[in-house]
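Scroll down for the structure; my scribbles are underneath it.
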Amino acid sequence: MRLYNTLTRQLEAFEPSDGNTLGLYVCGPTVYDRLHIGNVRPILVFDAFRRYVQAFHGWKAIYVQNITDVDDKLIDRANQIGESVGEVAARFTEAYFDLLRRLDVLLPDHSPKATEHIDEMVDLIKRLVERGAAYAVDGDVYFRIDSQPEYGRLSGRQLDEQEAGSRVEMSSLKENPLDFTLWKAAKPGEPSWPSPWGEGRPGWHTECVVMSRKYLGRRLDIHAGGSDLIFPHHENEIAQAQAAFDEPFFRFWLHNGMLSFQGEKMSKSLGNFAYAQDVVERYGSRTVRYFYLSRHYRKPLDYSEDGLRAAQAAVERIATLVADVDGERIEPAGEQQPLGANAAAFVDRLQALREKYVLAMEDDFNTVGAIGAVQEIVGEVNRFRATAREADRATLPQAIELVLELASPLGILAGGEPETSDASGSTEPQLVELLIELRDTLRERKLFDLADEIRDRLDGLGIAIKDTPQGALWRRVAAERQSNES
RNA sequence: GGCGGCGUAGCCAAGUGGAAAGGCAAGGGACUGCAAAUCCCUGAUUCACCGGUUCGAAUCCGGUCGCCGCCUCCA
34 MRLYNTLTRQ
44 LEAFEPSDGN
54 TLGLYVCGPT
64 VYDRLHIGNV
74 RPILVFDAFR
84 RYVQAFHGWK
94 AIYVQNITDV
104 DDKLIDRANQ
114 IGESVGEVAA
124 RFTEAYFDLL
134 RRLDVLLPDH
144 SPKATEHIDE
154 MVDLIKRLVE
164 RGAAYAVDGD
174 VYFRIDSQPE
184 YGRLSGRQLD
194 EQEAGSRVEM
204 SSLKENPLDF
214 TLWKAAKPGE
224 PSWPSPWGEG
234 RPGWHTECVV
244 MSRKYLGRRL
254 DIHAGGSDLI
264 FPHHENEIAQ
274 AQAAFDEPFF
284 RFWLHNGMLS
294 FQGEKMSKSL
304 GNFAYAQDVV
314 ERYGSRTVRY
324 FYLSRHYRKP
334 LDYSEDGLRA
344 AQAAVERIAT
354 LVADVDGERI
364 EPAGEQQPLG
374 ANAAAFVDRL
384 QALREKYVLA
394 MEDDFNTVGA
404 IGAVQEIVGE
414 VNRFRATARE
424 ADRATLPQAI
434 ELVLELASPL
444 GILAGGEPET
454 SDASGSTEPQ
464 LVELLIELRD
474 TLRERKLFDL
484 ADEIRDRLDG
494 LGIAIKDTPQ
504 GALWRRVAAE
514 RQSNES
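FYI, in my numbering the residues of the first sequence are 34 to 519.
Listed below in structure tokens is the structure:
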């Protein structure tokens with residue numbers, strides 16, 4: 034597959050460096066608050082990426098996502114609400130994992146915390162000082178960017194041009210204003226760890242260098258994150274990794290575009306943002322995932338309620354088809370039976386659309402084109418259902434299998450397992466069936482008032498009934514749907 | 001000042017040299033006791049604008065206008 038590599042500014046063929054195993058490092062959250070809708074984009078995009086390469090290439094991605102649990106923002110927050118940094122970090126770390134579950138993403142293979150890797154970070158900084166790539170001043174340690182001729186390559190910057198008009202804070206302690214902090218001396222009351230330079234805490238960029246090497250080893254295949262991290266964060270990671278180890282850091286750098294909030298820049302101070310958790314609660318993970326994956330990952334994405342509602346309707350269309358065909362309980366076609374001409378042509382069209390899906394995904398992970406192919410399949414299947422001869426309907430189960438296969442990496446359909454947790458031991462299904470039988474009798478006797486009342490009242494309980502030639506079908510309507518109908 | 005992105009039907013959005021995907025919304029029709037779902041029909045002679053290259057451009061080149069992000073913590 035081809036991926037756009039920020040490092041080279043072009044599409045490049047991607048293969049794992051180690052057989053069928055690849056390393057994928059995605060910059061994780063600083064746990065000083067709940068995640069907002071922008072934080073969640075890389076999580077959803079690279080979760081889909083991970084699932085896709087597993088399912089369609091057989092590549093196992095070792096997925097590492099760090100948790101930054103000590104930094105300035107956390108300290109500010111802790112002081113503000115009168116808790117310890119540890120308490121704040123613990124609370125929002127829990128909220129982060131809860132969100133991952135609600136979003137239905139595969140959990141990372143490793144979720145290393147900064148505070149659990151202090152020693153390794155100190156070792157790295159020591160090494161940089163020994164090699165002349167860093168210098169200590171008054172308990173701080175700074176990285177000397179002038180030691181790296183390649184500095185600025187990732188972000189395409191020339192250092193001398195940076196200074197004019199930039200808002201880089203001048204610090205008399207730094208040799209070069211762009212030198213960045215590796216170790217920060219602690220002020221009284223701040224969390225701190227011992228080091229050769231005194232009590233303090235590590236700078237942010239260092240943790241990703243330490244953790245990626247520790248958990249991925251030689252498999253430095255893909256490093257991903259939001260495009261706002263290209264400079265300085267990722268630039269600084271590369272600088273210190275290469276200064277310390279004299280070898281290339283990651284091969285591929287992938288960056289997702291930023292979110293805007295209803296046409297405006299996202300800004301907490303202006304209230305132009307939404308918490309991811311609230312959005313998932315209102316719309317559900319399928320709709321949220323569809324919304325994010327409906328836009329190419331490198332382009333900016335504008336969050337809007339209209340967009341979410343459109344995504345919701347689109348997800349419903351797919352889910353409805355799957356639920357309807359499942360409800361019909363069609364016997365799958367046997368291997369031996371020859372297909373009629375119509376059914377054979379139908380199967381061919383489905384295969385062509387599967388190919389379209391794969392080609393889109395292979396081309397810089399174009400989930401938008403892939404979703405288009407899925408929707409085209411839904412249209413094909415609906416059309417076929419409306420017109421096919423009875424015998425040809427036996428091809429429908431395999432068509433649904435295809436929809437499930439293609440929807441699965443995107444996470445836009447419920448998985449194979451039943452969604453309901455209360456299903457076990459509940460008599461609800463039988464009770465609904467009973468009501469439906471009664472209603473059928475009423476309809477036969479043309480007592481439509483009563484039949485409609487049953488339908489309306491079940492609807493009020495979140496159970497939707499629809500009458501089809503094969504009999505009445507029912508299903509639970511997601512709570513998210515009801516709360517958003519206006 | 002530097003780096004980068006965007007402008008495709010009412011809305012969202014793929015496509016980036018060879019007949020304008022897809023979704024949402026809207027209108028008409030079919031089916032239905034009524035619904036719901038579904039199907040059929042209706043949409044861009046055109047891809048911000050102006051030039052150029054080409055047999056051929058939404059796609060390449062030059063310019064203009066408009067919008068946005070990053071360069072400071074930021075996914």
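Glycine residues also receive a C-beta, built at the ideal position from the N, C-alpha and C atoms.
Quick caveat: nothing in here was measured; it's all calculated off a predicted structure.
Option nearest residue i by Cα separation, candidates the options
i: His-266; options: Phe-213, Gln-503, Ala-277; result: Phe-213
i: Asp-532; options: Gly-360, Gly-367, Ser-441, Ala-122; result: One cannot answer for residue 532 here, as it falls past the ends of the chain, which runs 34 to 519.
i: Glu-76; options: Arg-426, Val-321, Arg-160, Glu-413; result: It should be pointed out that residue 76 corresponds to Ile in this sequence rather than to Glu. Measuring from the Cα of Ile-76, the nearest candidate turns out to be Val-321.
i: Asp-179; options: Pro-210, Asp-137, Gln-503; result: Pro-210
i: Leu-386; options: Leu-435, Leu-354, Ala-352, Gln-345; result: Leu-435
i: Lys-301; options: Leu-68, Thr-39, Asp-51; result: Leu-68
i: Asn-72; options: Glu-223, Pro-221, Asn-289; result: Asn-289
i: Glu-208; options: Ala-169, Glu-183, Val-242; result: Ala-169
i: Leu-341; options: Ser-327, Leu-392, Val-162, Leu-506; result: Ser-327
i: Arg-508; options: Leu-36, Ile-469, His-150, Asp-51; result: Ile-469
i: Cys-299; options: Asp-51, Ile-70, Leu-36; result: It should be pointed out that residue 299 corresponds to Met in this sequence rather than to Cys. Minimum Cα distance to Met-299 is reached at Ile-70.
i: Gln-524; options: His-329, Gly-233, Leu-354; result: The question about residue 524 has no answer here: the residues shown for the chain are numbered 34 through 519.
i: Arg-426; options: Asp-104, Ser-441, Gln-503, Pro-333; result: Gln-503
i: Arg-84; options: Met-154, Tyr-37, Gly-367, Val-138; result: Val-138
i: Phe-278; options: Val-312, Tyr-248, Val-243, Leu-262; result: Val-243
i: Gly-119; options: Glu-486, Asp-131, Ala-128, Val-103; result: Val-103
i: Gln-310; options: Pro-49, Ala-128, Gly-52, Tyr-65; result: Ala-128
i: Met-34; options: Phe-285, Glu-395, Leu-136, His-329; result: Glu-395
i: Arg-251; options: Arg-416, Lys-479, Gly-52; result: Gly-52
i: Leu-437; options: Val-465, Leu-464, Gln-408, Pro-462; result: Gln-408
Beta-carbon spacing of residue i, residue j below 8 Å
i: Ala-167; j: Ile-158; result: yes
i: Trp-216; j: Asp-152; result: no
i: Phe-255; j: Gly-56; result: Reading off the sequence shown, one finds Ile at residue 255, where the question assumed Phe. Yes, these two residues count as a Cβ contact at 8 Å.
i: Ser-188; j: Glu-268; result: yes
i: Ile-433; j: Val-358; result: yes
i: His-238; j: Gln-181; result: no
i: Ser-245; j: Tyr-58; result: yes
i: Ile-100; j: Thr-126; result: yes
i: Lys-106; j: Thr-39; result: no
i: Ala-497; j: Asp-473; result: no
i: Arg-490; j: Ala-484; result: no
i: Gln-98; j: Pro-141; result: yes
i: Ala-257; j: Arg-234; result: no
i: Pro-442; j: Ala-81; result: yes
i: Ile-351; j: Ala-440; result: yes
i: Val-313; j: Leu-36; result: no
i: Leu-262; j: Cys-60; result: yes
i: Phe-306; j: Phe-294; result: yes
i: Ala-366; j: Thr-428; result: yes
i: Ile-271; j: Phe-282; result: yes
i: Ala-276; j: Arg-164; result: yes
i: Glu-280; j: Met-154; result: no
Residue(s) in a DSSP beta bridge with residue i
i: Leu-429; result: For Leu-429, which the question treats as bridged, DSSP gives no partner whatsoever.
i: Val-217; result: Residue 217 is actually Lys in this sequence, not Val. The partner list for Lys-217 (beta bridge, DSSP) reads Arg-234.
i: Asn-38; result: Gln-43
i: His-90; result: Partner(s): none; His-90 has no beta bridge.
i: Lys-499; result: Leu-506
i: Thr-239; result: In DSSP, Thr-239 forms no bridge with anything.
i: Asp-396; result: Arg-35
i: Val-97; result: Tyr-58, His-143
Contact test: residue i Cβ vs the ligand PLP heavy atom, cutoff 7 Å
i: His-288; result: The ligand PLP is not part of this structure, which contains no ligands at all.
> Curious, which full-length alpha helix (DSSP H) runs of at least 4 residues does the segment 247-308 contain?
Replying inline: Runs of the alpha helix (DSSP H) inside the segment 247-308: 268-278.
> Any chance the segment 38-50 sits against the segment 226-244, with 3 or more Cβ pairs inside 8 Å?
Replying inline: Counting Cβ pairs under 8 Å, fewer than three are found: no touch.
> Can we say the segment 336-354 touches the segment 82-98, given the rule of at least three CB pairs closer than 8 Å?
Replying inline: Between the segment 336-354 and the segment 82-98 there are fewer than three inter-stretch CB-CB distances shorter than 8 Å, so the stretches are not counted as touching.
>> Tell me whether the segment 375-388 and the segment 418-437 touch, counting them as touching only if at least three CB pairs, one residue from each stretch, are closer than 8 Å.
In response: Contact between the segment 375-388 and the segment 418-437 is established, with three or more Cβ pairs separated by less than 8 Å.
> Any contact of the segment 108-116 with the segment 76-87, i.e. 3+ C-beta pairs under 8 Å?
Replying inline: Too few Cβ pairs lie closer than 8 Å, so no.
> Mind pulling the beta strand (DSSP E) runs of 3 or more residues that sit fully within the segment 100-187?
Replying inline: List check, beta strand (DSSP E) in window: 167-170, 173-176.
> Between the segment 458-468 and the segment 395-404, do three or more beta carbon pairs fall short of 8 Å?
Replying inline: These segments do not touch.
>> Just to confirm the assignment: which complete beta strand (DSSP E) runs, minimum length 3, are found wholly within the segment 310-382?
In response: Fully enclosed beta strand (DSSP E) runs of no fewer than 3 residues occupy 334-336 of the segment 310-382, in order along the chain.
> Where in the segment 49-95 do unbroken runs of the beta strand (DSSP E), each at least 3 residues long, occur, reported from the N-terminal end onward?
Replying inline: Taken in chain order, the unbroken stretches of beta strand (DSSP E) that lie wholly in the segment 49-95 and span 3 residues or more are 54-59.
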